[in-house]
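Peer 1: Quick note on numbering: the sequence shown equals residues 17 to 484 in the working numbering.
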Amino acid sequence: MKPYQPVTPAILSAITAIVGAGHILTGSDIPDHYARDEGTPPHLCQIPGVVVYPADAGQVAAIVRLANQERIPVTPRGGGTGLTGGAVARHDGILLDLCRLNRIIHVDRKARYLIAEAAARTCDIQQAARENGLLYAGDPCSNDDCVIGGNIATNAGGNMAVKYGVTSDQVYQLEVVTAQGKIVSLGGRLKKNSTGYALTRLIAGSEGTLGIVTRATLKLQPLAPIIKNYLAVFSGLNAALTSINTVLADGRVDPISLELLDRKTLLGLEDYLKKSFFRQKTGDVVIIQTEAGDETEVRQKHDRLQTLLAAPGLLDFFETNGEEIWQARRMWGKPNSLKNPVSISEDFVVPVDAIDSFVQTLEQLISEFQFDFRIAGHVGDGNIHLRVQPGPLPLDVWEKTLPLFQRQIYAAVYQLGGRLSGEHGIGLKRKASLAALIDPVELELMQALKQAFDPNRILNPGKIFDLP
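(1) Our contact map puts L274 next to V302 with C-beta atoms below 8 Å; I'd like the distance itself, whole angstroms only.
(2) Flag this pair as yes or no: are the beta carbons of R390 and G349 separated by less than 8 Å?
(3) Per DSSP, what are the beta-bridge partners of I243 in this structure?
(4) So what does DSSP say about G98, is it helix, strand or coil?
(5) Per DSSP, L277 is paired with what?
(6) In whole angstroms, what is the alpha-carbon distance linking H39 and L436?
(7) Which class does K479 belong to by DSSP, given the choice of helix, strand or coil?
(8) Between the Cα of N118 and the Cα atoms of I131, G224, N472, which residue gives the shortest distance?
(9) Per DSSP, which one or two residues make a beta bridge with F333?
(10) Per the contact definition of three or more C-beta pairs closer than 8 Å, is the region 411 to 426 in contact with the region 71 to 85?
(11) Where does D363 fall in DSSP's three states?
(12) Run through the region 88 to 170 for me and flag every whole alpha helix (DSSP H) of 4 or more residues, listed as ranges in chain order.
(13) In its own chain, which residues sit with a C-beta less than 7 Å from the C-beta of S201, not counting the 5 before and 5 after it?
(14) Which class does N399 belong to by DSSP, given the choice of helix, strand or coil?
(15) Just the C-alpha distance for N476 and V229, rounded to the nearest angstrom, thanks.
(16) Is A284 helix, strand or coil when you go by DSSP?
(17) Cβ of K244 less than 8 Å from any chain C Cβ?
(18) Which class does T230 belong to by DSSP, given the choice of helix, strand or coil?
(19) Look up E223 in the DSSP assignment and say whether it is helix, strand or coil.
(20) Sorted by chain position, which residues of the same chain lie with C-beta nearer than 6 Å to I360's C-beta, five sequence neighbours on each side aside?
(21) Residues in the same chain with beta-carbon distance under 7 Å from L264, minus the five sequence neighbours each way, listed in chain order, please.
(22) May I ask you to report which of helix, strand or coil DSSP gives L444?
(23) Leaving out five residues before and five after L28 in sequence, what residues of the same chain have Cβ atoms less than 8 Å from its Cβ?
(24) Are the beta-carbon atoms of Y234 and I141 separated by less than 8 Å?
(25) Excluding five sequence neighbours on each side, which residues of the same chain lie with their C-beta closer than 7 Å to the C-beta of Q21?
(26) Spatial neighbours of P241 within its chain, please: CB distance less than 8 Å, with the 5 preceding and 5 following residues excluded, ordered by chain position.
(27) Spell out a yes or no on whether the region 97 to 117 and the region 445 to 457 are touching, meaning 3 or more CB-CB pairs, one atom from each, closer than 8 Å.
(28) Could you please give the first and the last residue of the uninterrupted alpha helix (DSSP H) stretch that includes V34?
(29) Would you identify the three-state DSSP class for V67, choosing helix, strand or coil?
(30) Look at the alpha carbon of A33 and the alpha carbon of A73, and state the distance between them as a whole number of angstroms.
(31) What's the C-alpha gap between K155 and T138?
(32) Pick out whichever of A232, L285, T211 has its Cα sitting closest to the Cα of A220.
(33) I think G398 touches V366, with their Cβ atoms under 8 Å apart; what is that distance to the nearest whole Å?
(34) From what residue to what residue does the alpha helix (DSSP H) around G349 run?
(35) For D7, tell me which candidate among A195, L218, N159 has the shortest Cα-Cα distance.
(36) Which residues mark the beginning and the end of the alpha helix (DSSP H) in which T258 is found?
Laid out in structure tokens, this is it:
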């Protein structure tokens with residue numbers, strides 16, 4: 017296969033003819049932020065050869081056709097909020113910034129669905145649903161900045177996944193531009209479909225390596241009349257995690273969200289936001305969000321939670337200000353990252369009933385390596401967000417011992433039946449780790465799919481895995 021080709025003056029002229037002179041950036045005009053996303057390690061940052069702003073799916077398709085013909089890499093970019101370098105263009109290729117594809121095209125209140133372009137912000141989709149008495153249940157913590165195309169690319173989960181599932185569970189239909197520059201509609205507004213392969217499920221989570229999503233038809237849910245938010249405070253992480261399993265096993269509360277924050281994280285958020293979240297006793301906390309149709313159901317769920325949580329490790333349980341606690345949850349890592357700029361972040365997912373075992377192993381390893389950590393997560397669905405930092409260790413010792421720690425914690429995750437990423441994806445950041453952990457047969461199947469969808473290997477190359 018011939019090597020990737022550069023973006024030549026002739027190619028730039030062809031792209032300009034597609035999108036217009038005002039919708040293309042080259043050379044020193046390209047801002048530095050296009051070299052990275054929110055989580056790109058410095059050594060993986062790279063400025064693209066050209067940034068292009070297509071206006072619609074037709075322009076996206078025309079650019080991809082040109083790139084496929086010339087074998088020039090193409091990387092789609094949404095909100096730039098990814099945490100793995102997935103939106104970083106490699107090989108001096110074309111970066112497609114989809115920001116102009118940002119319309120919410122239609123909301124159908126009766127049939128409960130919404131049609132949006134790829135760069136519609138998730139928060140705007142949520143608001144459009146609310147204005148029609150409905151709920152869009154995809155709720156990543158970056159919802160103010162992330163876009164639906166990026167959510168689909170990583171199959172993002174979010175705060176409501178414990179009840180409503182991840183992004184792919186919210187998708188009816190996708191408009192996708194293939195590697196050959198064809199526009200195809202996948203899926204349909206159907207409750208079930210056994211007509212061949214479920215290609216929408218395959219595109220979701222493929223990080224732009226199999227096709228470029230330009231439009232999505234999304235499922236909406238009825239919006240509950242009453243939403244309640246509670247804070248349960250525990251003496252330790254194990255007590256908190258035991259309570260989560262108790263609530264889930266009972267089945268009668270049916271929470272929308274079950275979110276974990278460790279004690280140090282919430283204390284740091286109190287200091288950063290100048291707000292009080294604890295009442296009297298401090299500890300590791302679980303945010304519990306419920307929905308109800310009337311005040312009778314509110315009381316029933318509240319009383320059931322009190323009964324289920326009543327255990328020796330419970331320090332406090334009370335209704336909390338929803339707007340304030342969710343503001344804190346969404347920015348959980350910011351105060352700590354300001355004080356501890358050297359750290360790593362992880363996005364593990366394990367079976368829900370194995371979270372307590374995972375956290376026990378984590379605490380043992382942290383103690384053994386003398387590191388420090390902060391933890392948050394969508395623990396109702398087994399997804400743990402983790403920040404590990406040097407703590408008291410000198411940086412040279414941290415850098416020397418960190419790879420061994422990572423190998424051991426990754427091994428523990430896989431031994432419990434877990435995986436490296438629950439919702440952030442692999443991108444560039446986790447590619448080497450995935451290669452070391454994945455079943456070789458599973459990798460071969462993924463590589464075969466990539467080759468079938470994209471034989472010239474132009475779509476977001478170098479992400480998730482390498483091809484032989």
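Backbone N, C-alpha and C define an ideal beta-carbon position, used for all residues, glycine too.
Source: prediction; values computed, not measured.
Peer 2: In brief:
(1) Stepping through the sequence shown from its first residue, residue 274 is reached at position 258. Stepping through the sequence shown from its first residue, residue 302 is reached at position 286. 6 Å between Cβ atoms; contact.
(2) On the sequence shown, position 374 is the one that residue 390 refers to. On the sequence shown, position 333 is the one that residue 349 refers to. In this structure, G349 lies closer than 8 Å to R390 by Cβ.
(3) As a first step, residue 243 is located in the sequence shown; it is residue number 227 there, counting from the start. In DSSP, I243 forms a bridge with E307.
(4) By 1-based counting over the sequence shown, the position of residue 98 is 82. Three-state DSSP puts G98 in coil, outside helix and strand.
(5) The count along the sequence shown starts at 1 and reaches residue 277 at position 261. L277 is bridged to V301, A392.
(6) Within the sequence shown, residue 39 is the residue found at index 23, counting from 1. Within the sequence shown, residue 436 is the residue found at index 420, counting from 1. One C-alpha to the other measures close to 37 Å.
(7) Walking along the sequence shown from the start, residue 479 turns up at place 463. Correct three-state label for K479: coil.
(8) As a first step, residue 118 must be located in the sequence shown, where it is residue number 102. Among I131, G224, N472, the Cα nearest to that of N118 belongs to I131.
(9) As a position in the sequence shown, residue 333 is number 317, starting the count at 1. Its beta-bridge partners are A248.
(10) no
(11) Along the sequence shown, read from residue 1 onward, the residue named residue 363 stands at position 347. D363: strand per DSSP, three-state reduction.
(12) 138 to 147, 164 to 170
(13) The sequence position of residue 201 within the sequence shown is 185, counting from 1. If we look at S201 and ignore the five residues flanking it on each side, its Cβ neighbours are Q189, E191.
(14) Residue 399 sits at position 383 when you count from the first residue of the sequence shown. N399: strand per DSSP, three-state reduction.
(15) What you label residue 476 is simply residue 460 of the sequence shown in a count that begins at 1. What you label residue 229 is simply residue 213 of the sequence shown in a count that begins at 1. Between N476 and V229, the C-alpha separation is close to 13 Å.
(16) Taking the first residue of the sequence shown as position 1, residue 284 is located at position 268. According to the sequence shown, residue 284 is Gly rather than Ala. DSSP places G284 in helix when its eight states are reduced to three.
(17) Of the chains in the structure shown, none is chain C; there is only one protein chain.
(18) The residue given as residue 230 occupies position 214 in the sequence shown. Looking at T230 - three-state DSSP - the assignment turns out to be strand.
(19) Here residue 223 refers to the residue found at position 207 of the sequence shown. Reduced to three states, the DSSP call for E223 is coil.
(20) Here the question's residue 360 lines up with position 344 in the sequence shown. The answer, listed in chain order, is V404.
(21) To locate residue 264, count along the sequence shown from 1; it is residue 248. Result list for L264: V368, G396, in chain order.
(22) Counting from one through the sequence shown, the residue named residue 444 turns up at place 428. It is coil, neither helix nor strand.
(23) Along the sequence shown, one-based indexing puts residue 28 at 12. Cβ neighbours of L28 beyond the five flanking positions: I40, T42, V66.
(24) Stepping through the sequence shown from its first residue, residue 234 is reached at position 218. Stepping through the sequence shown from its first residue, residue 141 is reached at position 125. Residue identity differs from the one stated: residue 234 is Leu in this sequence, not Tyr. Going by C-beta atoms, L234 is nearer than 8 Å to I141.
(25) The residue labelled residue 21 in the question sits at position 5 within the sequence shown. Cβ within range, chain order: E86, R87, I88.
(26) Within the sequence shown, numbered from 1, the residue matching residue 241 stands at position 225. Same-chain partners within the cutoff: A308, G309, D310.
(27) yes
(28) Stepping through the sequence shown from its first residue, residue 34 is reached at position 18. Per the sequence shown, the amino acid found at residue 34 is Ile instead of Val. Element bounds for I34: 25 to 35.
(29) Here residue 67 refers to the residue found at position 51 of the sequence shown. Of the three classes helix, strand and coil, the one that applies to V67 here is strand, per DSSP.
(30) Sequence index remark: in the sequence shown, residue 33 carries index 17 (1-based). Sequence index remark: in the sequence shown, residue 73 carries index 57 (1-based). Rounded to the nearest angstrom, the two C-alpha atoms are 16 Å apart.
(31) For this step, residue 155 is matched to residue 139 along the sequence shown. For this step, residue 138 is matched to residue 122 along the sequence shown. It should be pointed out that residue 155 corresponds to Asp in this sequence rather than to Lys. In a straight line, the C-alpha of D155 is about 8 Å away from that of T138.
(32) In the sequence shown, counting from the first residue as 1, residue 220 sits at position 204. That would be A232, whose Cα lies nearest to the Cα of A220.
(33) Taking the first residue of the sequence shown as position 1, residue 398 is located at position 382. Taking the first residue of the sequence shown as position 1, residue 366 is located at position 350. The pair is a contact, with the Cβ atoms about 5 Å apart (cut-off 8 Å).
(34) On the sequence shown, position 333 is the one that residue 349 refers to. Per DSSP, G349 belongs to no alpha helix (DSSP H) and is neither H nor E.
(35) Lying outside 17 to 484, the shown extent of the chain, residue 7 is not represented and no answer is given.
(36) The residue you call residue 258 lines up with position 242 of the sequence shown. T258 -> alpha helix (DSSP H) spans 253 to 266.
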